[in-house]
Structures are given as structure tokens and as C-alpha cells.
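Undergrad: Using numbering that gives the first Met the number 0, you'd call the opening residue of the sequence shown number 0 and step up by one each time. Here's a structure for you.
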Amino acid sequence: MAEYAILLLPSLNRVYSGTAVTLTRRELAVLDATVLGGKLTDVAETEIAGVPYVTFGAAELTDTDLAYLANLSSRYAMFERVGDLLRPVTTAPLDLFPSDLLTILKYPGKTNEQFTKLLLNVTALSTDRPGDLLARKLRVLDPMCGRGTTLNQALMYGLPVAGVDIDGKDIDQYAAFLKTWLRGNRIKHLARSAPIRRNRAVLGRRFDVELAPTKEAYKAGELITLTAIAGDTVHIGQFFRHRTFDVLVADAPYGVAHGSHGRTVSRSPVELIAAAAPSWADLLRPGGALGLSFNTHVARRSDLAEILTGAGLTVLDGPAYQGFEHRVDQAIVRDLLVARRD
Ligand SMILES: C[S@@+](CC[C@H](N)C(=O)[O-])C[C@H]1O[C@@H](n2cnc3c(N)ncnc32)[C@H](O)[C@@H]1O
């Protein structure tokens with residue numbers, strides 16, 4: 000039995016108001032239940048020389064196990080405990096691009112990039128083919144993508160991705176950011192924008208990019224595709240063919256307004272989710288998974304679970320999927336739900 004210690008990203012305590020360890024333990028529980036075969040024992044918070052770590056035991060971690068652990072959303076470094084020493088464990092995360100792809104954009108209402116990664120990880124591991132994450136085979140959709148944190152995380156992993164947001168300014172700002180970032184990093188790409196028309200009516204606008212992490216990959220046609228659409232998620236079925244995606248992830252509107260006097264509760268996103276859920280379910284391939292995070296002040300877990308069930312999805316409610324609730328600020332306590340299309 001070997002013992003391991005994970006050092007968490009130093010920025011996490013600010014982002015999660017002190018619940019970073021709990022969220023890391025929850026993410027590890029999903030990893031353990033889905034791909035590690037229940038190998039992890041004694042997962043705990045342990046202080047080593049005054050620094051907090053998440054520690055666990057495991058009989059034998061294979062290279063594949065380590066590859067999964069390398070992508071843990073909160074991981075800064077990983078060590079094997081040998082006596083009272085820490086031996087660095089070399090890990091190979093999927094990351095293809097510099098990390099500022101995720102950190103440069105800052106705006107009110109942004110879903111923090113670590114939580115976005117956690118939600119994508121937990122959902123990707125919950126499809127009927129969790130290995131597709133490491134094989135970079137997942138097609139990802141964020142049906143309420145804002146200014147694209149999920150889109151950037153999917154790109155980082157090298158996954159084809161699409162997003163929709165009703166706020167056209169968000170999509171424009173995301174497109175402007177991404178084009179500037181790609182040019183600045185000399186990443187070969189082709190970007191286009193066009194209106195989406197049906198029967199002469201304009202339904203929305205789309206921004207499409209094809210890119211590759213290296214010039215060689217670009218020449219070889221090994222392209223990552225990204226689409227961001229300004230449109231209503233309730234009409235999302237008009238933008239994509241059914242069963243197109245393996246994974247849908249979204250951070251639902253928090254129901255709080257970002258005004259000059261701080262935040263006030265405006266309205267609940269439950270009706271919106273109820274109206275959109277059948278279309279979201281239809282866009283998932285059978286065996287695909289949906290991960291939805293929400294503000295528990297404006298949406299009850301049980302109500303959302305009922306909506307997702309009504310849309311033909313199976314909510315994953317085993318022990319590994321409990322306990323993700325965490326405080327974001329005084330107006331937001333966030334939780335998540337994962338459901339699979341059978
Ligand atoms: C919590 S934010 C998501 C933020 C995003 N993850 C990010 O990091 O930028 C919720 C988003 O839902 C979008 N939204 C609200 N109603 C919508 C609708 N009917 N169709 C599509 N998007 C909608 C809002 O514009 C907002 O960007």
C-alpha cells in the first residue's frame with residue numbers, strides 16, 4: 000500500500016471560501032467510483048509541516064490511474080509519501096495550451112475556472128465511456144456558456160466544444176478574446192462569424208474556430224473545433240443535430256443581479272431549466288452525461304432532479320455524487336447534479 004499527498008492550488012481557498020479540501024475529496028470520490036475501481040483508501044486532509052494536503056492510500060496506481068489524477072481540478076502537485084519525505088510523482092495532464100487561456104478573462108458572473116474543470120471532469124467521468132476523457136474523444140456542449148469558461152477548459156483538454164448563450168455581448172466578447180489570444184500565442188487557426196438563418200428569420204449568430212496546438216497538427220488536419228452561438232438555450236435543438244454531444248455542462252444563472260449596489264436575488268432559473276431540459280437531453284448521445292451546477296438559494300436540488308428525470312435522464316445520486324455543495328459568496332451556495340442519458 001502506497002500513500003499519496005496532493006498539494007492543492009494555492010488560489011483555491013480564495014475561490015471556494017475554505018471548502019477546497021471538501022470539493023477535492025468529492026472529486027476524488029467520483030474518480031474512485033468511476034475509473035479507479037474503489038482503490039483509494041483513507042482519503043483525508045493531512046497537515047505536513049504546517050501545509051494542508053489531501054492524502055490517500057492506494058494499493059497500486061497504474062499509469063492510467065495517474066493520468067486521471069493528473070487532471071484533478073484542484074491539483075497543484077502530487078507526491079508519494081516515503082517515510083517522512085515527499086517524492087514528486089510526475090504526472091501528465093491533458094493540458095495542451097498555456098494556462099492563461101483560462102485565467103485572463105475576468106468578469107462578474109464568471110464561473111471560476113477550477114470549478115468549471117471540476118464540473119467537466121465529474122460529468123465526463125460519468126458517461127458510459129469514462130475513458131473517452133483521456134482519449135480526447137468527448138464532444139462537449141455548454142448550453143449557457145457565458146463568456147466561455149467551459150469552452151476554454153474543453154480547448155485546454157483538446158476536446159471539440161460548442162456553447163450557446165442568450166447574451167450576444169458575451170459571445171462577442173468571448174470571440175474577441177479567443178481570436179486575440181490565439182494570435183498572441185501564434186496558434187494556427189481559422190475563425191469565422193455568420194448569422195444563423197431559418198426561413199429567412201435570423202435565429203442567432205455563430206462564431207466558429209478550427210485550431211490545432213501545433214502547426215504540424217494543423218497541417219495534418221487534426222483540428223479542434225469550437226462553436227459559440229448567440230441564441231436561446233430553449234431553442235438549442237435548432238442549432239445542433241440530436242445526439243451530437245457526449246457531455247453537456249452548464250453553470251445555471253444564479254438568479255442574482257450584479258448591480259452597482261452588490262447582488263440582489265432576481266429570479267429563479269428553474270423555469271428556464273425546465274423549458275430547456277428536454278432539448279438538452281435530446282442533444283446527448285445515449286450513454287452521455289449532463290452536469291448542471293446551480294445556486295441552492297434559487298433552485299432546489301430535488302426540483303432540478305425531477306426536471307432532469309422528466310426529460311428522460313437518470314440522475315446519478317449515489318454517495319460519490321453527494322456533498323458538492325459549497326459557498327461561493329453571500330448570495331450563492333452552489334451545488335451540482337449529474338445525470339446520464341440511458
Ligand atoms: C452563471 S452564468 C454562466 C457563466 C459561464 N459559465 C462563464 O463562466 O462565463 C449563466 C449564463 O446563462 C445565460 N443564460 C440565461 N438565460 C439563457 C437562455 N435562455 N439561453 C441561453 N443562455 C442563457 C446567461 O446569459 C449567463 O451567461
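The C-beta atom is built at its ideal place from N, Cα and C for all residues, glycine as well.
For a quick check, are the C-beta atoms of Arg-80 and Thr-90 less than 9 Å apart?
TA: Annotated as distal: Arg-80 and Thr-90, with beta-carbon spacing of 9 Å or more.
Undergrad: Helix, strand or coil for His-296? Go by DSSP, reduced to three states.
TA: coil
Undergrad: Taking a contact to mean a Cβ-Cβ separation below 9 Å, would you say Ala-330 touches Val-314 in this structure?
TA: no
Undergrad: Just reading off the beta strand (DSSP E) that Ala-4 is part of, what are its end residues?
TA: 1-7
Undergrad: Roughly how many whole angstroms lie between the Cα atoms of Pro-277 and Ala-134?
TA: Pro-277 and Ala-134: Cα-Cα distance of roughly 29 Å.
Undergrad: From the DSSP output, in three-state form, read off Asp-85 for me.
TA: Note that residue 85 corresponds to Leu in the displayed sequence, not to Asp. Looking at Leu-85 - three-state DSSP - the assignment turns out to be strand.
Undergrad: Which term fits Met-0, buried or exposed, when burial requires 16 or more other beta carbons within 10 angstroms of its beta carbon?
TA: exposed
Undergrad: Sorted by chain position, which residues of the same chain lie with C-beta nearer than 8 Å to Arg-197's C-beta, five sequence neighbours on each side aside?
TA: Gln-237
Undergrad: Whole-angstrom Cβ separation of Phe-293 and Ala-251, contact assumed at under 8 Å?
TA: 4 Å
Undergrad: Provide the residue span of the beta strand (DSSP E) that contains Phe-55, from first to last.
TA: 50-57
Undergrad: So for Phe-238, helix, strand or coil by DSSP?
TA: coil
Undergrad: Is it buried or exposed for Gln-113, if we count other Cβ within 10 angstroms and need 16 for buried?
TA: buried
Undergrad: I need the boundaries of the alpha helix (DSSP H) containing Thr-179, first residue and last residue.
TA: 167-183
Undergrad: Asp-94 to His-234, Cα distance in whole Å?
TA: 32 Å
Undergrad: When DSSP labels each residue in this structure, what does Asp-302 get in the three-state scheme?
TA: helix
Undergrad: Are Phe-96 and Leu-154 touching if we call contact CB-CB under 9 Å?
TA: yes
Undergrad: Just the C-alpha distance for Thr-45 and Phe-78, rounded to the nearest angstrom, thanks.
TA: 13 Å
Undergrad: For the putative contact between Ala-227 and Ala-174, defined by C-beta atoms under 8 Å, what is the C-beta separation to the nearest angstrom?
TA: 6 Å
Undergrad: Quick check on Tyr-106: buried or exposed, where buried means 16 or more other Cβ atoms within 10 Å of its Cβ?
TA: exposed
Undergrad: When you measure from the CB of Ala-275 to every non-hydrogen atom of ligand 1, does any distance come out below 8 Å?
TA: yes
Undergrad: Between the C-alpha atoms of Gln-321 and Arg-25, what's the straight-line distance to the nearest angstrom?
TA: Cα to Cα, Gln-321 sits roughly 8 Å from Arg-25.
Undergrad: Does the distance from the CB of Ser-125 to the CB of Gly-311 come in under 9 Å?
TA: no
Undergrad: Where does the unbroken beta strand (DSSP E) through Asp-131 begin, and where does it stop?
TA: First-last for Asp-131: undefined, no H or E at that position.
Undergrad: Can you have a look at Asp-99 and say buried or exposed, based on whether 16 or more other CB atoms are within 10 angstroms of its CB?
TA: exposed
Undergrad: Under three-state DSSP, which class holds Pro-318?
TA: Helix, per DSSP.
Undergrad: Count the other CB atoms, across all protein chains shown, that sit within 10 Å of the CB of Lys-214; report buried if there are 16 or more and exposed otherwise.
TA: Exposed: under 16 other Cβ atoms inside 10 Å.
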